[in-house]
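Okay, structure first, notes after.
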Amino acid sequence: MTTQLLSALIKKEFQLEFRQKSTLAGILVYIVATVFISSLCFNGKVDKITWNALFWVIFAFIAVNVSGKSFMQETKGKGLYNYLYYSPRNFILSKIIYNMLLMVVLSFLTFFFYSWFVYNKVDDMGMFLLSLFFSSTAFSGVLSLMSAIASKANNNISLMAILSFPVLMPLLLVSVKLSKHAIDGLAWSVSYKYLLILIMLNFVVVALATLLFNYLWKD
Amino acid sequence: MIRWWKIASVLIILYTLVWGMLAPVPRLNILYETIRNLFYHVPIWFAMLFMMGYSVVFAIKHLSKNDLQSDIISDQAAQTGLFFALPGLLTGCMWAKFTWGTWWTFQDPKLNGVAIAVLIYLAYFILRSSIDDEQKRARIAAVYNIFAFVMMVVFIMILPRLTDSLHPGNGGNPAFGKYDLNSNMRMVFYPAVVGWILLSLWILDVKKRLAILTYKKNEA
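Same order as they appear, the protein sequences are chains X and R. Anchor point for the first sequence: position 8 equals 8 in the working numbering, and the numbering is continuous, going up by one each time. The working numbering runs 1000 ahead of the 1-based position in the second sequence.
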């Protein structure tokens, strides 16, 4: 029953997103434009560390833009409706899962454009994509909760950035480290512990978000 | 209303300040006399972490009991913790200047962790100030507090153990803990930890009482 409700909620999120195609298209243009600007600025001369750092900065800003708006459309009336019909756990989980799916797709797209325009420096592609996947999911988890918090505090977009960036920093550093290893093509025995930390952080973030959303939910 | 532990905190800190300078310490490469910073820098960080933990405990208490008093205490404890970050940073920077040759380095996960912790609590106060309704503010701030604290613990406790750090005790650098077995340093270090934590509790006590009185006055 709960899984049915959950999948219905996730479906609703997708339908809402695709009904308003302009938002999604806006994000795509945002990604391409950002990557293109950085390719122009670097003029094709980037070393590995800069390549990696720039990629993750772009990634972080895209994530904040994408997942950060997940509660922005929730008006007061809608909130009341949701409160009556869904459990908070299902509600936040649907948001998180939807954001995770969206962010994974978008981050892979970003990587595609980034390696096309700025060129690809990655040696161990499997490890890099894994790190990208789990970073996307963890980022979405954190940002969904932060968006819920910011939406309760008068929907302030700059507040969203202020709240999320310090909290995202541990995640970002692990991702940067892991992907640096992937770029250098280090052995998996060196980098597996970072991957484990990233996966563990995913669980921690989702568990905390579902637990804490109970208290944000009531108004 | 001076209680015994307040007097004790002053006496202990006085003792560690003075005896920290005089106590015989092992002479280690690079560290030399700067090892005495163990008596000042580390206990202040412990006091800060203690206050942050205190803040989270009361945030959890607020969420479970829904009383505003816990929220006030949680807020005040976070403020006190942030206050302790300042001397912690200063002593750390001074120490870094004389051993690493630089005031600040971005290579060290622990230093980054502290910078993040300060940012997190600044964000916490900004969040608090952006919500007007008391009940709502208390609840949302508590949620952020708990979430941010967990991420901070991950940052400070777990990440430095994974990566190489310049910090004593990481990445093959001489650690305080390994060499103070002669118990001379422990005689100063452990009391210093207790003393600074007691001092932080005292500051919190005063701030808390003031905040609660102000709240009651505004209510009336």
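Built from N, CA and C at the ideal position, the CB exists for glycine as well.
- Close CB contacts of V46(X) within its chain, under the 8 Å cut and outside five residues either way in sequence, are with L54, V118, Y119, K121 (chain order).
- It is roughly 35 Å from the alpha-carbon of F1155(R) to the alpha-carbon of N82(X).
- Selection T1102(R), W1196(R), L1068(R) evaluated against E1219(R) yields L1068(R) as nearest (Cα-Cα).
- At a cut-off of 9 Å between beta-carbon atoms, V64(X) makes no contact with chain R.
- The residue from L195(X), T75(X), L171(X) with its alpha-carbon nearest to that of S140(X) is L171(X).
- Taking a contact as a CB-CB distance under 8 Å, the pair A1138(R) and D1205(R) does not count as one, their CB atoms being some 20 Å apart.
- W1196(R) and I1007(R) do not touch by the CB rule: their CB atoms are close to 15 Å apart, not below 8 Å.
- In the structure shown, the three-state DSSP call for K1097(R) is helix.
- Using a Cβ-Cβ cut-off of 9 Å, S1130(R) counts as an interface residue toward chain X, since at least one Cβ of chain X sits closer than that to its own.
- In this structure S67(X) touches S144(X) by the C-beta definition: roughly 6 Å separates them, less than 8 Å.
- Here F112(X) is exposed: its Cβ has fewer than 16 other Cβ atoms, across all protein chains shown, within 10 Å.
- In the structure shown, the three-state DSSP call for I1131(R) is coil.
- Judged by beta-carbon spacing, S70(X) lies within the 9 Å limit of K95(X), meaning their Cβ atoms are closer than that value.
- Straight-line spacing of the CA atoms in V1057(R) and I31(X) works out to 41 Å.
- Residue contact check for A153(X) against chain R: a CB pair falls below 9 Å.
- DSSP places D1205(R) inside the alpha helix (DSSP H), whose first and last residues are 1186-1219.
- Here the alpha carbon of M100(X) sits roughly 54 Å from the alpha carbon of W1004(R).
- One alpha carbon belongs to A1096(R), the other to M1021(R), and they sit about 18 Å apart.
- Look at the beta carbons and you see the stretch 184-202 of chain X touching the stretch 126-139 of chain X: at least three pairs across the two are nearer than 8 Å.
- For L145(X), the chain R residues whose C-beta falls within less than 7 Å of its own C-beta are F1147, listed in chain order.
- Counting only Cβ-Cβ distances below 9 Å, F1155(R) has contacts in chain X at M169, P170, L173, in chain order.
- Interface annotation for the stretch 1110-1126 of chain R against chain X: I1116, L1119, I1120, A1123, I1126, criterion Cβ-Cβ distance under 7 Å.
- P166(X) has a beta carbon lying within less than 9 Å of a beta carbon in chain R.
- Straight-line measurement puts the Cα of V1143(R) at about 28 Å from the Cα of V176(X).
- Neighbours of R1139(R) across chain X, judged by C-beta separation under 9 Å: K152, Y215, L216, K218.
- Non-local C-beta neighbours of W1019(R) in its own chain, meaning closer than 7 Å and more than five positions away in sequence, comprise V1188, ordered along the chain.
- In this structure, the CA atom of I27(X) is about 11 Å from the CA atom of F61(X).
- T1091(R) carries a helical assignment under DSSP once its states are collapsed to helix, strand and coil.
- Not flagged as an interface residue toward chain X: M1052(R), since no C-beta distance is shorter than 9 Å.
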